Each structure stands twice: as C-alpha cells, then as structure tokens.
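Trainee: Pasting a structure here, questions to come.
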Amino acid sequence: MYQLLCEYLDIFINFIYPRNIYCILCNEPITKDEKYSLCTHCKEKIYFIDKSCEKCGKPLEKLYIPQKCPDCIETNHYFTKGISCVEYNKEIKKIVHRLKYQNQRYLSYHMAQIMKDQLQKQNIKDIDCIIPVPLYKNKERKRGFNQSYLLSKYLGKWMNTEVEKKTLLKIKDTLSQNQLSKEDRKRNLKNVFVVSSKESIINKTILLVDDVYTTGSTVDACCKELLKENPKEIYILTFATGKNI
Ligand SMILES: [Zn+2]
Ligand SMILES: [Zn+2]
C-alpha cells in the first residue's frame, strides 16, 4: 500500500515538475535525452569523480600516486569503502542547498540517478539493504523530509533493495558540523546514533547513504553503531564530496 502511494506521489511530482525538460542548474530548456537533466554547458561545470581514494572515495589528482587520500593515510574509517559521485563545488552546493533548504525535492531524483550510475561502476555486489543517514526527528519534521531518505528511496526502487528507514536513528540534536574542527565533529556526534532493529544488520551488506561526505565523521559515527551488530560490510554512497589534496 505504502509502495503504491509512493508510486502515485512520484507520478504526481513528475506532473508538477516534469523531468528532463529544464536543466536543473540553469533552468534552460533541454532535450529529453540529456543525462541527469543537465544541459551540456552545466554538465561541464560539474566534475564527475573518476580517480578516487580507494577508501573514502574522495577525488584524487591524476598524477597523485598513493591509492589513498592524505586523510585516509592518516585516519582509520569504520566502513569498507566510500563511493562519491561529484566534486563539491559552487554548482553542487547550489543543488544540495536547493534540495535541503528550499524544499526542491524533485532534485533528489536526478541526484540519485547520478549515484546509481556511480555505484554500478564499482564492483560491489549483493547489497542487502540501504540505510539513509538519519536526521534528528525534530529536524526532519521541520524540514519535512530527510534528504538521505529521498535519495535512498529512489536507489532502493531501482536496485530492488530494501530501504531501512527506522533501523538507524539519531536520538540527539547536534550542532551543524559545518563550522567545527575535525576533532569537534567527532565529539559532536558521540552517542547520537542508535540501532533500533538488530536483525536488519547482522551479517548484512549495508549501503549507507548520505548527500555530502566531508570528513567522514558523520558516516563513521553511524558505522560505529552499526558495527556493534556485526554487519558483513558497510559501504558508503554519497552524492558529493570535497577534495582534500
Ligand atoms: Zn544548464
Ligand atoms: Zn580517502
């Protein structure tokens, strides 16, 4: 029933915001076959990640030799591997902000398409479930949605994989991570995530989904909790990430 409702809602949203008619960045008309609803000009302003850190998925310069980015050489992450799609720049910031703060939910469809394609390029098989990075309930209520869940919902549909919305919960409100140092980010996220249903995790290959990967402290804090329930692997899929070299 819920699934059916989502389908109808999706058709309805597509009716109000028809897909692939206007470029999602500059709003100029495009042809139906333009990938990701981006015009050729805007596509050039977006850097799709190709060579990346084998651990966290941050982009690496072509001539950079190590397989890991400087951050991953220094720090240990709690996940198996991170995958990200586009480099965080002015244009990407606009897309993410319009989704999160201007309620332009239709953008999540195109973002999720980019994510699905990037994931397919990896050699990751048998993902058992998708878990969106949760928001604190008051924050989600205020925003009206969790952007990571919107992305997960499309991915789940296209990959035919279960999306576990209530398995991982955020039980405390936290300061925005933006202004905090790396150490403070970790402290800020201590004991804020909990696992509510252990059965969904034990021995499962999990895909944890978020919109932006910055230092990895958010997904690491989530993984720390998930790992207590012995999953098989945890992969991270994010839409955008910044360079750290
Ligand atoms: Zn454009
Ligand atoms: Zn890295």
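Residues 28 to 272, numbered by the numbering used here, are exactly what the sequence shown covers, in order. Beta carbons are placed, not taken as given, at the ideal position from N, Cα and C, and that holds for glycine. From a predicted model like this one, the values you see are computed outputs, not experimental measurements.
#1: Which residues have their C-beta within less than 6 Å of a heavy atom of ligand 2, listed in chain order?
#2: Looking at C-beta atoms only, is the number of pairs between the region 83-97 and the region 127-138 that lie closer than 8 Å three or more?
#3: Kindly provide the ranges of any alpha helix (DSSP H) runs that are 4 or more residues long and lie completely inside the region 98-151, ordered along the chain.
#4: Using the Cα positions of residue 95 and residue 102, report the straight-line distance between them to the nearest angstrom.
#5: Give me the Cα-Cα distance between residue 165 and residue 179, rounded to the nearest whole angstrom.
#6: State yes or no: is the C-beta of residue 201 within less than 7 Å of the C-beta of residue 158?
#7: Excluding the five sequence neighbours on either side, which residues of its own chain have a C-beta within less than 7 Å of the C-beta of residue 198, listed in chain order?
#8: Could you have a look at residue 238 and say whether DSSP puts it in helix, strand or coil?
#9: What does the alpha-carbon distance come out to for the pair residue 46 and residue 64?
#10: Going along the chain, which residues of its own chain have a beta-carbon closer than 6 Å to the beta-carbon of residue 154, five neighbours each way excluded?
#11: From what residue to what residue does the beta strand (DSSP E) around residue 194 run?
#12: Give the straight-line distance between the Cα atoms of residue 184 and residue 89, rounded to the nearest whole angstrom.
#13: Which ranges would you report for the alpha helix (DSSP H) in the region 210-256 if only whole runs of at least 4 residues count?
#14: Given 6 Å as the limit, tell me if residue 55 has its C-beta closer than that to any heavy atom belonging to ligand 1.
#15: Could you tell me which residues DSSP pairs with residue 260 in its beta bridges?
#16: So residue 156 is in the beta strand (DSSP E); what residue range does that whole segment cover?
#17: Residues in its own chain within less than 7 Å of residue 174 by CB, not counting five upstream and five downstream?
#18: Let's test the definition: count the other Cβ atoms within 10 Å of the Cβ of residue 203 and tell me whether it reaches 16, buried, or not, exposed.
Mentor: In terms of the structure at hand:
#1: The set of residues with CB atoms less than 6 Å from any heavy atom of ligand 2 reads, in chain order, 80, 82, 83, 85, 95, 96, 98, 99.
#2: no
#3: 117-128, 134-147
#4: 11 Å
#5: 20 Å
#6: Annotated as distal: residue 201 and residue 158, with beta-carbon spacing of 7 Å or more.
#7: 219, 221
#8: strand
#9: 7 Å
#10: 188, 232, 234
#11: No beta strand (DSSP E) holds residue 194; DSSP gives it neither H nor E.
#12: 34 Å
#13: 244-254
#14: Yes.
#15: 232
#16: 156-159
#17: 126, 127, 135, 238
#18: Looking at its Cβ environment, which holds fewer than 16 other Cβ atoms inside 10 Å, residue 203 is exposed.
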